[in-house]
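Trainee: After the structure tokens below, expect a handful of questions from me.
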Amino acid sequence: MAATVEAPTTTVAPVPQVVAHKVEKPATGWASWVTTTDHKRIGIMYLVLTFAFFILGGVEALLIRLQLAVPNNDLLTPQTYNELFTMHGTTMIFLFVVPVMAGFGNYFVPLMIGARDMAFPKLNALSFWLLAAGGLVFYGSIFFSPPECGWTCYSPLSDTEYLPSGGVDAWIFLVHLTGLSSLVGAINFYATIANMRAPGMGWGRLPLFVWAILTYAVLLILALPVIAAAVTLLLTDRHFGTNFYDASNGGSPLLWQHLFWFFGHPEVYIMVLPGFGIISEVLPVFARKPIFGYKAIAAATLVIAFLGLLVWAHHMFTTPSPSLVLIFFMMSSFLIAVPTGVKIFNWIATLWRGTIEFTTSLLFAVGFIGTFLIGGITGIFVAVFPIDWQLHDTYFVVAHFHYVLMGGAVFTIFSGLYYWFPKMSGRLLSEPLGKASFWFMLIGFHVTFLVQHSAGMEGMPRRIYEYSDTQDLAILNLISTIGAFILGFGILLTLINVLKSVKHGAVAGPDPWKGNTLEWYTQSPPPVNNFDAVPRIRSVEPMKDIRRQIIAQTGAAEPAYMTAMEAGRLPGDGH
Amino acid sequence: MESGRARTTQGAAVRPAFMNRIRAALETSRLRNLMTSRRLILTLLAVVAGALLLAPVASADLLSPESGGSPNADDIDTLYKFVLAVAFIVFVGVEGVLIYSLVKFKARKGAVPAQIRGNTRLEIGWTVGAAVILVVLATLTFVKLDGIRNPPDSSADGLQLADTSRRLPPSGKSLNICVNGQQYIWRFTYADDCKAGKNLGAVFSYEEMVVPVNTTVTLDINAQDVAHAWWIPKLGGKMDAIPGYTNHTWFKVPGKFGEKPGGTVFFGQCAELCGRNHANMTARVRAVSVEEYQKWLDQRKSDIKSAEEQGAAQRKKLQGGGNTTGPAAAGQNPAEPGDVSDSQAETE
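What follows is the structure, encoded as structure tokens:
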């Protein structure tokens, strides 16, 4: 560990070093990982596990695209195809995007607020192992019969009458286990953030990523019990003779849709809000400018979360509903565009008149803004319910939510990965490889999904295993499939980058980016106890205060401080 | 902004003066507004020109939903294009500023980042701006809504029908068809009352729905097993078919589509995942002239009747006379719909 603190020695040491921490040698070996309650190790286990699921979900996506590459393809059977898109959607949502945010949150929330661990370390370990169990149960079904009802598992299709196999039950079990995992985690985050902030860190000085994780936790607590109830009713319908969703016995299939989307739409914000938080951390660091409108961004996060609870039926515009209901949900969906727009404007204003350093992390962050904007705009189209009557359940919607979740949330995850990897591993990721990965991913993404808007408007519904060679569907789908492989190659490059750099990357030092928040006020990787002492927090950018303090103490002039900043930039570039 | 770059090159020493000048610039913001508004107008003109250039691409229908078969589909298409125009302006504006700031404010030697933490007036401005755009879009939607949601009367040369109890078009007259989704086929029953057991003698068909042009066709949509969704893109938006519920939509095919014998066929397919062969649950709507429709209806009636008689005779033979299982079961005879529609195709 001592070796890592020597990095940028050009002028003054920019960070007060940790001089003494627990002398005990940190435990090693697999048993120490299984039994750990250290938030950093749990965070890493979250990230490794969720990225493994991301790769699985990605392979499923490529198989889907292969099947759709040409019209009337018979590469996959209809059954396998339905299983694949069910696995893909469920994996990406329940086993990747939601828990990966918990992974980043686990590792960085305590560090960013100057705490030594989460409030309930053992519950924290429980969260992780519940997630692992959920993934195991779900993927166990590939040896029997995976579910084939889509990630939404609409009743009556998901009833035993139509899908008697245990796949749906595995899916229900997954929703319960991952839901429990997220609930326990959410309570833990809430307790940690509410109670364990460093002295002086009032709500107005909370890093925006922590604001986002706090909101994420509250949304999870509000939304998850609903889906837990919904899948329990489905379970009793399937096996214990109840008829909650069975229309022929007085139940209602629409009840499932309402319950599902009352969870399902907040889930979208559960997936993107932490990503927004990552962007709000990354942009100011690499633009070398404070975040523009801190209060507005924090407030927008809360407003989005609140409104996110009031828009669920915009997923149900084509169900039998009175006009008044349709109008209400159109207007509430419109409203949510306002705080989202505010965030985008604030991010761009953060870049405005900064000195932008084009690191891979920043590239992913601005790639996210540009891409997410398109997803937001197409969101307006589908919020206008008469237009949605044409677009609903088509490839337009598939494109829309991939712009929000893949071009949106996943790009923020990659931005966070490149930003925080040095802190977690002590080593920098290769920048040239990272940039190549970014460009392949950005181009591959747009090639894949832009044309899908057109395919949808030409009449291609989602979830069909084959299509006939009418209009432009053949060429549009071929383009999409080619794009998917470019995108996949880009992701592969980052995977290689991580595997290579974790052992051989350039040593990062405690603060390779000249960050603003407290996680950079310790070694990389941080010792078990994180910090020996945390200074009193005076602003939303405590590291700037700390550096200023050092300059005052050492008497270094401002230009020298600037040079130190330059020197600290990307020492590992070109490795 | 051009001069901003020059100033920053003078380094950190001039920062206070620099900040003062920003403040001064903000105070004379009225002047700045004037200048930027001229620039804004130029940008808007460029955007309009761009939109005009894009129009041919849009007319190839890669950029907008299908339409042309029914006024509601056309209205949705128009509404979509309004939204697209607004969206295009927002898109170009925001991406433009984003890319501009990335190029312009790339870290250069000696450049000093401006330490700005916010600007309340600006922030309120763009919040209100975003809200105003959405109010405009909502207003446009309300203007178009009536024409999309509520069916108009049949044209004078359309099929003239007797009054029904349904509330739908202003005249109270429409051709009502019950659309029933089943794994993996659509059944169409030509009846005013779609409740189970209320339309036993009515004409029905599978897969292909035949309708007269110029006539307002209202659909009562439901499902027999799992959820499905009725969608013929050129005839308007989709509506879910959900067991236990009845959903409604309508269309009215313009007269020109019924001019040639055999009419015009509009294709569509089920849009809600309904099981393994969801992709094969297709639907066709054939719009024909009023006379041809009447002929088809009569033919269909006699075909169904003879098929039912054959079925009854067969059943009698099998069961050795006696009890009949009822007409509902007869209607579900799987051999029947295919036979009938094939013979129908040949007669034309």
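Protein chains in written order, with my numbering: chain A, 53 to 627; chain B, 1138 to 1485. For each residue, glycine too, the CB sits at the ideal point set by N, CA and C.
With DSSP as the reference, please indicate the residues paired to B:MET1376 in a beta bridge.
Mentor: Looking at the DSSP assignment, B:MET1376 forms a beta bridge with B:TRP1367.
Trainee: Excluding the five sequence neighbours on either side, which residues of its own chain have a C-beta within less than 6 Å of the C-beta of A:PRO199, listed in chain order?
Mentor: Cβ neighbours of A:PRO199 beyond the five flanking positions: THR138, GLY219, VAL220 and TRP223.
Trainee: May I have a chain-ordered list of the alpha helix (DSSP H) segments no shorter than 4 residues that lie completely inside the region 455 to 534 of chain A?
Mentor: The region 455 to 534 of chain A contains these whole alpha helix (DSSP H) runs: 463 to 477 and 483 to 509.
Trainee: Could you please give the first and the last residue of the uninterrupted beta strand (DSSP E) stretch that includes B:LEU1348?
Mentor: The residue asked about is misnamed: residue 1348 of chain B is Val in this sequence, not Leu. Its beta strand (DSSP E) spans residues 1345 to 1349.
Trainee: Beta carbons nearer than 7 Å to chain A: which residues of the region 1211 to 1243 of chain B have them?
Mentor: Correct list: ILE1213, LEU1216, TYR1217, VAL1220, ALA1224, VAL1227, PHE1228, VAL1231, GLU1232, VAL1234, LEU1235, SER1238, LEU1239, PHE1242 and LYS1243.
Trainee: So, are the CB atoms of B:ILE1322 and B:GLU1345 less than 8 Å apart?
Mentor: Taking 8 Å as the Cβ cut-off, B:ILE1322 and B:GLU1345 do not qualify as a contacting pair.
Trainee: Report the residue from A:TYR214, A:ALA243, A:THR230 and A:LYS341 whose alpha carbon sits nearest the alpha carbon of B:GLN1320.
Mentor: Ranking the options by Cα distance to B:GLN1320, first place goes to A:TYR214.
Trainee: Touch check for the region 226 to 240 of chain A and the region 162 to 180 of chain A: three-plus C-beta pairs under 8 Å?
Mentor: Yes: the two stretches touch, three or more of their Cβ pairs being nearer than 8 Å.
Trainee: What does the alpha-carbon distance come out to for the pair A:THR412 and A:GLY95?
Mentor: Rounded to the nearest angstrom, the two C-alpha atoms are 22 Å apart.
Trainee: At 9 Å on the CB atoms, spell out the chain B contacts of A:MET509, in chain order.
Mentor: Simply ASP1198, LEU1199, LEU1200, SER1201, PRO1202, GLU1203, TYR1217 and PRO1370.
Trainee: Given a threshold of 16 other Cβ atoms within 10 Å of its Cβ, counted over all protein chains shown, does A:ASP90 qualify as buried or as exposed?
Mentor: Counting Cβ neighbours within 10 Å, A:ASP90 comes out buried, since at least 16 surround it.
Trainee: Give the C-beta separation of A:LEU286 and A:SER210 to the nearest angstrom, bearing in mind that I take them to be a contact with Cβ-Cβ under 8 Å.
Mentor: The Cβ separation is near 6 Å, so the contact holds.
Trainee: Beta-carbon of B:GLN1319 versus every beta-carbon of chain A: anything under 8 Å?
Mentor: Judged by the 8 Å Cβ criterion, B:GLN1319 is not in contact with chain A.
Trainee: Alpha carbon to alpha carbon, how far is A:GLY254 from A:LEU311? Give it in angstroms, no decimals.
Mentor: Roughly 37 Å between the two C-alpha positions.
Trainee: Under 8 Å: do the region 242 to 253 of chain A and the region 316 to 323 of chain A share three or more Cβ pairs, one atom per stretch?
Mentor: Output reads no: the region 316 to 323 of chain A does not touch the region 242 to 253 of chain A.
Trainee: What is the rounded straight-line gap between the Cα of B:LEU1296 and the Cα of A:SER300?
Mentor: Roughly 36 Å between the two C-alpha positions.
Trainee: In the DSSP assignment, what residue or residues form a beta bridge with A:ASP90?
Mentor: None; A:ASP90 has no bridge partner.
Trainee: Could you pull the DSSP bridge partners for B:THR1326 from this structure?
Mentor: Note: B:THR1326 sits in a beta bridge opposite B:CYS1315 and B:PHE1341.
Trainee: B:VAL1363 CB to nearest chain A CB: under 8 Å?
Mentor: Chain A contact via Cβ: present.
Trainee: Does any CB atom of chain B fall closer than 8 Å to the CB of A:GLY607?
Mentor: No, no contact with chain B.
Trainee: Mind pulling the chain B residues with CB within less than 9 Å of A:GLU483?
Mentor: What A:GLU483 touches in chain B: nothing, since even the nearest Cβ is about 14 Å away.
Trainee: State yes or no: is the beta carbon of A:THR89 nearer than 8 Å to at least one beta carbon in chain B?
Mentor: Chain B, which has no Cβ nearer than 8 Å to the Cβ of A:THR89, makes this no.
Trainee: Nearest to A:LEU232 by alpha carbon, out of A:LEU272, A:ALA558 and A:ALA585?
Mentor: Comparing Cα positions, the closest option is A:LEU272.
Trainee: Count the other CB atoms, across all protein chains shown, that sit within 10 Å of the CB of A:TRP441; report buried if there are 16 or more and exposed otherwise.
Mentor: Label assigned to A:TRP441: buried.
Trainee: Just mark A:HIS228 as buried or exposed, buried being the case when its beta carbon has 16 or more other beta carbons within 10 Å.
Mentor: A:HIS228 should be labelled buried.
Trainee: Alpha carbon to alpha carbon, how far is A:PRO23 from A:GLY561?
Mentor: With chain A running from 53 to 627 in the structure shown, residue 23 of chain A is simply not present.
Trainee: Given this structure, state the Cα-to-Cα distance separating B:SER1480 from B:ALA1339, to the nearest angstrom.
Mentor: Only weak support exists for where B:SER1480 lies, its pLDDT of 38 falling under 50; the value from the coordinates is given anyway. Approximately 19 Å, taken between the alpha carbons.
Trainee: In whole angstroms, what is the alpha-carbon distance linking A:PHE189 and A:GLY155?
Mentor: Reading the sequence as shown, one finds Val at residue 189 of chain A and not Phe. Going from the Cα of A:VAL189 to the Cα of A:GLY155 covers about 20 Å.
Trainee: Whole-angstrom Cβ separation of A:GLY511 and A:VAL450, contact assumed at under 8 Å?
Mentor: Going by Cβ atoms, the distance from A:GLY511 to A:VAL450 rounds to 14 Å, so no, they are not a contact pair.
Trainee: Between A:THR371 and chain B, is the shortest Cβ-Cβ distance under 8 Å, so that the two count as touching?
Mentor: So yes, A:THR371 belongs to the interface.
Trainee: Establish whether the CB of B:ALA1263 and some CB of chain A are separated by less than 8 Å.
Mentor: Inspection of the sequence shows that residue 1263 of chain B is occupied by Trp rather than by Ala. Yes, its Cβ sits closer than 8 Å to a Cβ of chain A.
Trainee: Output, in chain order, the set of chain B residues within a Cβ distance shorter than 8 Å of A:LYS341.
Mentor: Within chain B, the residues near A:LYS341 are PRO1250, ALA1251, GLN1252 and ILE1253.
Trainee: Using only alpha-carbon positions, find the residue among A:ILE602, A:ALA526, A:GLN601 and A:GLU571 that is nearest to A:PRO123.
Mentor: Taking only the C-alpha atoms, the option nearest A:PRO123 is A:ALA526.
Trainee: Can you name the residues that DSSP bridges to B:ILE1358?
Mentor: B:VAL1316 and B:ASN1384, per the DSSP bridge assignment.
Trainee: Could you pull the start and end residues of the alpha helix (DSSP H) that B:ARG1437 belongs to?
Mentor: Note, B:ARG1437: alpha helix (DSSP H), 1427 to 1456.
Trainee: Can you tell me whether A:GLY293 sits near the ligand NAD, meaning its C-beta is under 7 Å from at least one heavy atom of the ligand?
Mentor: The ligand NAD is not part of the structure shown, which contains no ligands of any sort.
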